[in-house]
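K.L.:
Counting from 1, position 122 in the sequence shown corresponds to residue 122 in this note's numbering; the numbering is continuous, with no gaps.
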Amino acid sequence: MSLTLCNVQFSQQSDRVVYLSNPVLKSLNLAGKKTVHIKLGNETITAAVKPLKRPGHHVYLSAGVRQSIRVPKAGNVYLLQDGNNDLQLGPLIGVLCDSSFRTESNPFGGCTGFIRQLLRTGEKKAYFFAFAPRDVNWQQETINGYFLNANGSWFRRVVPLPDVVYNRLPSRRAETSSEISAFRERFTKRKIPFFNWTFFNKSDIYRMLDNDVEALKHVPDSVSKPTAEKIKEMIEKHGFLYFKPAAGSFGVGIYRLTYHPKRGYFARFRRSGSNVLLRFSNFNSMMRMLQSRHGISLSNYVSQQGIRLIEIDGCPLDFRFHMHKNGKNEWVPAGIGAKKAGRGSVTTHIKNGGSLMTPEQALGRVFGDKADEVLERAKRVSVKLSEAIERNYPHRLGELGLDIGIDQDGEVWMFEANAKPGRSIFKHPALKEQGRASLSYILDHCLYLSRFQGGKADGTT
Ligand SMILES: Nc1ncnc2c1ncn2[C@@H]1O[C@H](COP(=O)(O)OP(=O)(O)O)[C@@H](O)[C@H]1O
Ligand SMILES: [Mg+2]
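#1: Once you ignore the five residues that flank N282 on each side, which residues in its own chain have a CB closer than 8 Å to its CB?
#2: In three-state terms, what does DSSP make of Q291?
#3: Output the boundary residues of the alpha helix (DSSP H) element that contains V374.
#4: For the alpha helix (DSSP H) that contains E214, what are its first and last residues?
#5: Can you confirm whether the stretch 346-366 touches the stretch 246-256 when touching is taken to mean that 3 or more C-beta pairs between the two stretches lie within less than 8 Å?
#6: What does G145 pair with, by DSSP beta-bridge criteria?
#7: Examine ligand 3 and report whether any of its heavy atoms sits within less than 7 Å of the Cβ of E330.
#8: Just checking, does the stretch 375-389 make contact with the stretch 169-181 on the three C-beta pairs under 8 Å criterion?
#9: Please state whether the Cβ-Cβ distance between N503 and G398 is less than 8 Å.
#10: Write down the C-beta distance between Q13 and S62 rounded to the nearest angstrom, noting that I regard them as a contact closer than 8 Å.
#11: Specify which residues have a beta carbon nearer than 6 Å to any heavy atom of ligand 2, listing them in chain order.
#12: Between Y242 and ligand 1, is the CB less than 7 Å from at least one heavy atom?
#13: Does the distance from the CB of P316 to the CB of T358 come in under 8 Å?
#14: With 16 as the cutoff for other CB atoms within 10 Å, does S450 come out buried or exposed?
#15: Tell me the residue span of the beta strand (DSSP E) that contains M357.
#16: Would you identify the three-state DSSP class for T188, choosing helix, strand or coil?
#17: Please report the straight-line C-alpha distance between R256 and R279, rounded to a whole angstrom.
#18: With a threshold of 7 Å (Cβ to nearest heavy atom), would F200 be considered close to ligand 1?
#19: Mind checking whether the beta-carbon of S249 lies closer than 7 Å to any heavy atom of ligand 1?
#20: With a threshold of 7 Å, establish whether the CB of D318 neighbours any heavy atom of ligand 1.
#21: Can you tell me which residues form a DSSP beta bridge with Y462?
#22: Using the rule of at least 16 other Cβ atoms within 10 Å of the residue's Cβ for burial, across every protein chain shown, is S203 buried or exposed?
#23: May I have a chain-ordered list of the alpha helix (DSSP H) segments no shorter than 4 residues that lie completely inside the stretch 415-443?
#24: For L5 and P107, what's the separation of their Cα atoms in angstroms?
#25: Thinking C-beta only, is L298 closer than 8 Å to G405?
#26: Just verifying my parser: in three-state terms, what is the DSSP assignment at L87?
#27: Taking one C-beta from the stretch 125-132 and one from the stretch 68-79 each time, how about it: are there three or more such pairs within less than 8 Å?
#28: Looking only at C-alpha atoms, which of T198, P220, F194 sits nearest to Y206?
#29: Say whether the stretch 82-90 touches the stretch 31-40, bearing in mind that this needs 3 or more beta-carbon pairs closer than 8 Å, one atom from each stretch.
#30: For T121 and L148, I'd like the C-alpha separation in whole angstroms.
#31: In this structure, does DSSP put T112 in helix, strand or coil?
#32: Since P23 is in the beta strand (DSSP E), which residue starts that stretch and which ends it?
#33: With distances taken between CB atoms, is the gap from H227 to F240 smaller than 8 Å?
#34: Measure the Cβ-Cβ separation of N167 and F195 and say whether it is below 8 Å.
#35: Tell me whether D458 is buried or exposed, calling it buried when 16 or more other Cβ atoms sit within 10 Å of its Cβ.
#36: At the 8 Å Cβ level, is V165 part of the contact set with chain D, yes or no?
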């Protein structure tokens, strides 16, 4: 197998001809070949090979080739030769997203900016495009994708099904529909790597890790759909607990429930944009309050042992570890943000008054000289937790956002894992570089999954 980065241009002829410059012929071991199966995504045709007397890595595709395999644009991409007369152009990478309405400059709503940055990262290395479920034509096996041109505007091209799909569908609800499930299955049936599969549900993650000795010691004691008796038992055992909706996010619907043997029960939560703390003389009246606020949806809650987090100025701190799989299929903490809770807030979300810091700043204030050691340990745990989630999960994973707490003894705890992590930590000026690294990891992992990777300095494997 050999791989080389080439500059691809087009020629006018209608015959199916591929012109390859001598350095390309040499690095792909194609000297003397008369024909090849040229491939883009899931589309293949046979074309004649002709040498081109030019220095540098150049490829010219005749119009006949370009149209048949639907090459979207000229420019730099890889050529992969797998030893079987197959010459693959690409990779062709699809980012799956959606938005309830599309405009020309904003085809993916709030995700457009992120997709734009990602597609830029892939420029000169891959055919990177974005698409929504409705853009796929399953009869033809094509996608009417959105590509970015050099001046940053969008254009559409119909391309074959891609080599790999990065899923960023934004709606948790839409994603649980049978339509979207069937849609995803159609990619895997065609052996097209697809990551990540769906949003996670907290109960599923806790249940999965319950059988994993290595991960379990970093997950607080958690019970899904707890009975009132169970909640009472846990609250008395641990002193306080977090009561959270299994499919929640942004801290919505979360309660911090506390028990003081002398003073009774307390519930801290967010109500109409402010933080409240209510006291109850007995457990049942606290449960009645929860029931009156949530009714039947309480049955989709989890209760979790509360962890006494490290604090700055009396406000708890936790961390977002943004994890990626790299070009070698290994997990790496690509970006880490520290989040300090707003005063009186149950969670550290910025929306609820929290503030963002670098982990070095935050841990330095808490652990002094020991800060580096604590951070290195938390990084190792974050890799172990990602591996554990992956080995217990039936689908492919390439990115995770772990909400990590560190307690006053320096122990590391995971509160939740997000399969479509937000990117707000990368807005911090000191984390911008990590934000760029995160985009590169997505590209590298797509190169890995599509087998377009491992190039040496001269571009060959
Ligand atoms: N068991 C816990 N102990 C201490 N703090 C917690 C616990 N669970 C959650 N938190 C706090 O609440 C925040 C939100 O919880 P999380 O499980 O991440 O829910 P969400 O999906 O709403 O983000 C966490 O980032 C952390 O600050
Ligand atoms: Mg969270």
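We treat Cβ as the ideally placed atom computed from N, Cα and C, and that holds for glycine. Just so you know, these numbers come straight off a predicted model, no measurement behind them.
P.N.:
From the atom records:
#1: One-based indexing of the sequence shown puts residue 282 at position 282. Cβ neighbours of N282 beyond the five flanking positions: G264, Y265.
#2: Numbered from 1 along the sequence shown, position 291 holds the residue referred to as residue 291. Residue state, collapsed to three classes: helix.
#3: Counting from one through the sequence shown, the residue named residue 374 turns up at place 374. 371-392 is the extent of the alpha helix (DSSP H) around V374.
#4: The sequence position of residue 214 within the sequence shown is 214, counting from 1. Element bounds for E214: 213-216.
#5: yes
#6: Within the sequence shown, the letter at position 145 stands for residue 145. DSSP, once it has assigned bridges, lists R157 as partnering G145.
#7: Looking at this structure, you won't find ligand 3 anywhere; what it does contain is ligand 1 and ligand 2.
#8: no
#9: One cannot answer for residue 503 here, as it falls past the ends of the chain, which runs 1 to 461.
#10: Residue numbering aside, residue 13 sits at position 13 when the sequence shown is read from its first letter. Residue numbering aside, residue 62 sits at position 62 when the sequence shown is read from its first letter. Rounded, the Cβ-Cβ distance is 4 Å, consistent with contact.
#11: D403, E416
#12: Here residue 242 refers to the residue found at position 242 when the sequence shown is read from its first residue. Indeed, a heavy atom of ligand 1 lies less than 7 Å from the Cβ.
#13: Taking the first residue of the sequence shown as 1, we reach residue 316 at position 316. Taking the first residue of the sequence shown as 1, we reach residue 358 at position 358. No, the Cβ-Cβ distance between P316 and T358 is not below 8 Å.
#14: Numbered from its first residue, the sequence shown carries residue 450 at position 450. S450 should be labelled buried.
#15: Here residue 357 refers to the residue found at position 357 when the sequence shown is read from its first residue. Here the beta strand (DSSP E) through M357 covers 355-357.
#16: On the sequence shown, residue 188 is found 188 positions in, with the first residue counted as 1. Helix at T188.
#17: Working through the sequence shown from its first residue, we reach residue 256 at position 256. Working through the sequence shown from its first residue, we reach residue 279 at position 279. R256 and R279: Cα-Cα distance of roughly 12 Å.
#18: One-based indexing of the sequence shown puts residue 200 at position 200. Because no heavy atom of ligand 1 lies under 7 Å away, the Cβ of F200 does not count as near it: no.
#19: For the purposes of this step, residue 249 is identified with residue 249 of the sequence shown, where counting begins at 1. It does: the Cβ of S249 is within 7 Å (strictly closer) of some heavy atom of ligand 1.
#20: For this step, residue 318 is matched to residue 318 along the sequence shown. Checking every heavy atom of ligand 1 against the Cβ of D318, one is found closer than 7 Å.
#21: As displayed, the chain neither begins before 1 nor continues past 461, which places residue 462 out of reach and without an answer.
#22: Walking along the sequence shown from the start, residue 203 turns up at place 203. Classification of S203: buried, given that the 10 Å Cβ count is 16 or more.
#23: none
#24: Here the question's residue 5 lines up with position 5 in the sequence shown. Here the question's residue 107 lines up with position 107 in the sequence shown. Distance between the alpha carbons of L5 and P107 is about 30 Å.
#25: As a first step, residue 405 is located in the sequence shown; it is residue number 405 there, counting from the start. As a first step, residue 298 is located in the sequence shown; it is residue number 298 there, counting from the start. The answer is no: Cβ separation not under 8 Å.
#26: Here residue 87 refers to the residue found at position 87 of the sequence shown. Here L87 sits in strand by DSSP.
#27: yes
#28: As a working mapping, residue 206 is identified with position 206 in the sequence shown. Ranking T198, P220, F194 by Cα distance to Y206 puts P220 first.
#29: yes
#30: Your numbering for residue 121 matches position 121 in the sequence shown. Your numbering for residue 148 matches position 148 in the sequence shown. Taking the straight line joining both Cα atoms gives about 11 Å.
#31: Reading the sequence shown from its first residue, position 112 is the one you call residue 112. In this structure, T112 counts as helix in the three-state DSSP scheme.
#32: Along the sequence shown, one-based indexing puts residue 23 at 23. Per DSSP, P23 belongs to no beta strand (DSSP E); it is in the alpha helix (DSSP H), 22-27.
#33: By one-based count along the sequence shown, residue 227 stands at place 227. By one-based count along the sequence shown, residue 240 stands at place 240. Reading off the sequence, residue 227 comes out as Thr, not His. Their beta carbons are not under 8 Å apart, which means T227 does not touch F240 by this criterion.
#34: Along the sequence shown, read from residue 1 onward, the residue named residue 167 stands at position 167. Along the sequence shown, read from residue 1 onward, the residue named residue 195 stands at position 195. Yes, they are a contact pair.
#35: The residue given as residue 458 occupies position 458 in the sequence shown. Low confidence applies to D458: its pLDDT is 37, below 50, so where it sits in the model is not reliable enough to give any reading.
#36: Of the protein chains in this structure there is only one, and it is not chain D.
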